[in-house]
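To convert, note that position 49 of the sequence shown is 382 in our numbering; the numbers rise steadily by one, no gaps.
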Amino acid sequence: MDKQQAQFILHSFRPDGADAADADFAEALQMAVEDRELGEWLADERATDSAFASALCELEIPDELRMHILAVMHGEKPNDPAMEAEMDAALSDALSHVEPPAGLRDQILAAMHMQEKQDHSSLVAQTETPELPVANIEPMPEAQEPLTHQGAPHQRTRRQWWRIAPLAAAVAFGVFLALQIDLGKPSTGSQANTATDARKLSSYDVQREAAQMLLSTQLSLDVTNPQIHHVNNWLTDHQLPAPQRLPSGLKGMKVAGCKKIQIAGSMPASLVCFVKNSGHKVHLVVINNDHINDAHLPGMDEIRKGDCKHCPKTGWNMTCWRDRENTYLLFAKKETTSKDEIIRYF
């Protein structure tokens, strides 16, 4: 290993010492100890990494980004231009403060040049290697990873490329944080947990089904009563989830009644209907958290405009939140598609 190869390998050395046991890294580190120039370069490299990591930690991700990405993934189009422009401006401003480390371009070009030389050397070595007798070849264990020409796992080659492009890694890392959401897929835990998760729904699935259900002209209430405590007593007596707390905008509204509904054909939920002075109805769907896999939902006091959505297909403005026991989905309809209607209830 020469100095250039050692420098290339040390580009991907992790500061937590996870690579210390690797033979290639150990040899490269020993060269950095013995070679003053290489050692000074490594110290500067670590300092640059630390400064870049600190700058990345200060990057603020807009609160609305996560819900916006989730909505786009489900095929929803932006319908509130003012909010979308505000979010885009906030994200653009945040990213504008991320500066790539000095010399990044030179590092990438050097790494590409080194990789090309290594690939060419590997090809030549494979071409010139004499064919060995079959009897002398021992089968490779199945669990062993494929090796590169340097004897290192192929996985490290991919890791090196991530390391030599820290700006790309930073962007990927930011998106990864924004997408730390549960989309309703089973976790990778035990088989029991997987089976349990498979029976759960995401809040988006509940919103979609409830929105279609509320459009039905045949929807009738199981009980009509203008008092919320009477409605809650009926729900509790029928072993249905009852709203523990109401948004401030609903507390002064008249209650039309409630109904037991079924989500996904078998999951019991409660529907509580409120009536505005204008005669328009506002619907609150309550479902036990045991049926929902969205642990990331905000609390009622944490609802922001970015948590409110409009469905162009059904015309409902809606949002959702959760407490320790239940998940709540609020539906309201108005001529305008602005999400301001929903946020006014909080």
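For each residue, glycine too, the CB sits at the ideal point set by N, CA and C.
Reduced DSSP secondary structure (H/G/I, E/B, other) of residue i
i	result
Gly612	coil
Tyr537	helix
Val405	helix
Leu573	coil
Lys646	coil
Leu548	coil
Ser425	helix
Asn626	coil
Ile342	helix
Leu617	strand
Ala435	coil
Phe607	strand
Ala353	coil
Met633	helix
Glu449	helix
Ile676	helix
Asp335	coil
Val363	The displayed chain sequence assigns Gln, not Val, to residue 363. Of the three classes helix, strand and coil, the one that applies to Gln363 here is helix, per DSSP.
Glu393	coil
Asp515	Residue confidence is low: Asp515 scores 40 on pLDDT, short of 50, so the model does not pin down where it sits. Its coordinate-derived value is still stated next. In the structure shown, Asp515 sits in coil (DSSP, three-state: anything other than H, G, I, E or B).
Arg399	helix
Gly522	With a pLDDT of 47 at Gly522, under the threshold of 50, the modelled position of this residue cannot be trusted, and the question is left open.
Gln440	helix
In DSSP terms, what residue i is bridged to
i	result
Ala602	Ile594
Arg655	Thr660
Ala302	Summary: the structure shown does not reach residue 302, with the chain confined to residues 334 through 679, and so no result is reported for it.
Lys587	Val608
Enclosing alpha helix (DSSP H) for residue i [first to last residue]
i	result
Ala386	369-390
Leu554	Unbroken run through Leu554: none, as it is neither H nor E.
Gly724	Residue numbering for the chain in the displayed model covers 334 to 679; residue 724 lies beyond these limits and cannot be assessed.
Val582	Looking at the sequence itself, residue 582 is Gly, so the reference to Val does not match. Gly582 -> alpha helix (DSSP H) spans 581-584.
Proximity below 8 Å, CB of residue i to CB of residue j
i	j	result
Ala544	Met406	no
Glu542	Ile620	no
Val539	Val564	no
Trp654	Gly639	no
Pro576	Leu617	yes
Leu554	Lys592	yes
Leu343	Ala354	no
Val615	Ala665	yes
Ser536	Thr660	yes
Ala365	Ala404	no
Leu552	Ser603	no
Gly598	Asn558	no
Ser581	Phe679	yes
Met600	Leu534	yes
Leu663	Ile675	yes
Thr381	Pro434	yes
Met586	Val608	yes
Lys336	Leu371	yes
Phe346	Phe358	yes
Val431	Leu392	yes
Quick one: any contact between the region 376-388 and the region 619-628, if contact means 3 or more CB pairs under 8 Å? no
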